[in-house]
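Chemist:
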Amino acid sequence: MNKKIIAIAFLSSILPLSQAFADTDYSQNLPFSKMTSAKEEQNVVNIQSSAETKLEQNYLTMTLSYSASGQKSEVVQNEVAEKINAALSVAKESAKDDSFKVKSGQFFIYPKYQDQNVIGWTGTGTIILEGTDFALITKVASEVDGLTVSNIQTTVSPELIKSKKAQTVSDAIENFKADAMRTAKQFGFDTYQIKSISINYDQPNFYPRAEAAMLMMNRAPMAKSAPNVEAGDQTISANVSGSIILTNIIR
């Protein structure tokens, strides 16, 4: 008899507790405590907007090279090193700041074979002139004796990209807001709420111009006058995409 009384008492004590768990709404403990209604979920629209800014290529990189061949590797190496060191010395006299910088490039020597036998050596060295002062770079390049133009690149300087990036992203955001409001109005709603959003930024890649490609293929000797270098332009862009919920203002 006592065992039955104890069992009934135990069951009576846990039933209210289990009922309390059953009546608890655990959705209130989720990370997003405010649950979106089914009606709101039906009014979700995906929007994608973008903005672009065209930038003139303001940074020139010009590579000058010297090559030599001979029977002995040390002779070839000394000849190439002498020419490269002399070119660096001449170019550095005009170097000043980021508008014109000079640095050494590649330097390598490799053997020439015939019937699996080494019959000679070829060496090549380069120097690089770069900066935003196109006129000075091409002038110095024409004053370096004995070297040939092996590459010309025009691109956008990191400083210019950085200065225009924030404005481009801001324009993309404003375009997204305008597109979202226009979409809400077109569907007969007063406004919208942002459900999710993503912002992406595209930085320009370098694409060699036709003039540079021709010089790379032909390895034309530098004339004793400054060549004309015409820069192109590049585009930076920002994209804003996301989902919006079309809503009405409660009056």
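The sequence shown begins at 407 in my numbering and counts up one residue at a time. In this text, a Cβ means the ideal position worked out from N, Cα and C, and glycines have one as well.
To the nearest angstrom, how far is the alpha carbon of Ser510 from that of Asn491?
Modeler: Counting from 1 along the sequence shown, the entry for residue 510 is found at position 104. Counting from 1 along the sequence shown, the entry for residue 491 is found at position 85. Roughly 9 angstroms separates the two Cα atoms.
Chemist: Is it buried or exposed, Tyr598, if we count other Cβ atoms within 10 angstroms and call 16 or more buried?
Modeler: Sequence index remark: in the sequence shown, residue 598 carries index 192 (1-based). So Tyr598 ends up on the buried side.
Chemist: At 4 residues or longer, what runs of the alpha helix (DSSP H) sit wholly inside the stretch 444-503?
Modeler: 444-447, 479-498
Chemist: Whose CA, out of Val635, Gln609, Asp577, Val555, lies closest to the CA of Ala493?
Modeler: The residue you call residue 493 lines up with position 87 of the sequence shown. Looking at the Cα atoms, Val555 is the closest of the given residues.
Chemist: Identify whether Leu652 lies in helix, strand or coil by the three-state DSSP scheme.
Modeler: Taking the sequence shown and counting its residues from 1, the one referred to as residue 652 is at position 246. DSSP places Leu652 in the strand class (E or B) of the three-state scheme.
Chemist: Quick one: Cα of Ala501 to Cα of Ile651, how far?
Modeler: Start at 1 with the first residue of the sequence shown, and residue 501 comes out as number 95. Start at 1 with the first residue of the sequence shown, and residue 651 comes out as number 245. Computed Cα separation, rounded: 58 angstroms.
Chemist: Mark Ser576 as exposed unless 16 or more other C-beta atoms lie within 10 angstroms of its C-beta, in which case mark it buried.
Modeler: Working through the sequence shown from its first residue, we reach residue 576 at position 170. Ser576 should be labelled exposed.
Chemist: Whole angstroms are fine: how far does the CA of Ser643 sit from the CA of Ser456?
Modeler: By one-based count along the sequence shown, residue 456 stands at place 50. By one-based count along the sequence shown, residue 643 stands at place 237. About 7 angstroms.
Chemist: In whole angstroms, give me the CA-to-CA distance for Lys507 and Tyr516.
Modeler: One-based indexing of the sequence shown puts residue 507 at position 101. One-based indexing of the sequence shown puts residue 516 at position 110. If you draw a straight line from the Cα of Lys507 to the Cα of Tyr516, it is about 29 angstroms long.
Chemist: Check whether the stretch 448-462 touches the stretch 524-541, taking contact to mean three or more Cβ pairs, one atom from each stretch, closer than 8 angstroms.
Modeler: no
Chemist: Give me the Cα-Cα distance between Lys591 and Asn581, rounded to the nearest whole angstrom.
Modeler: As a first step, residue 591 is located in the sequence shown; it is residue number 185 there, counting from the start. As a first step, residue 581 is located in the sequence shown; it is residue number 175 there, counting from the start. C-alpha separation (whole angstroms): 15 angstroms.
Chemist: Report yes if the CB atom of Ile558 is closer than 8 angstroms to the CB atom of Val635, and no otherwise.
Modeler: As a working mapping, residue 558 is identified with position 152 in the sequence shown. As a working mapping, residue 635 is identified with position 229 in the sequence shown. Going by C-beta atoms, Ile558 is nearer than 8 angstroms to Val635.
Chemist: Starting from Val575 and walking both ways along the beta strand (DSSP E), at which residues does that stretch end?
Modeler: Taking the sequence shown and counting its residues from 1, the one referred to as residue 575 is at position 169. Premise fails: Val575 lies in the alpha helix (DSSP H), 564-592, not in any beta strand (DSSP E).
Chemist: Are the beta-carbon atoms of Asn606 and Gln454 separated by less than 8 angstroms?
Modeler: Residue numbering aside, residue 606 sits at position 200 when the sequence shown is read from its first letter. Residue numbering aside, residue 454 sits at position 48 when the sequence shown is read from its first letter. No, the pair does not count as a contact, with Cβ atoms beyond the cut-off.
Chemist: Tell me the residue span of the alpha helix (DSSP H) that contains Ser505.
Modeler: Residue mapping note: residue 505 aligns to position 99 of the sequence shown, counting from 1. Per DSSP, Ser505 lies in no alpha helix (DSSP H) and is assigned neither H nor E.
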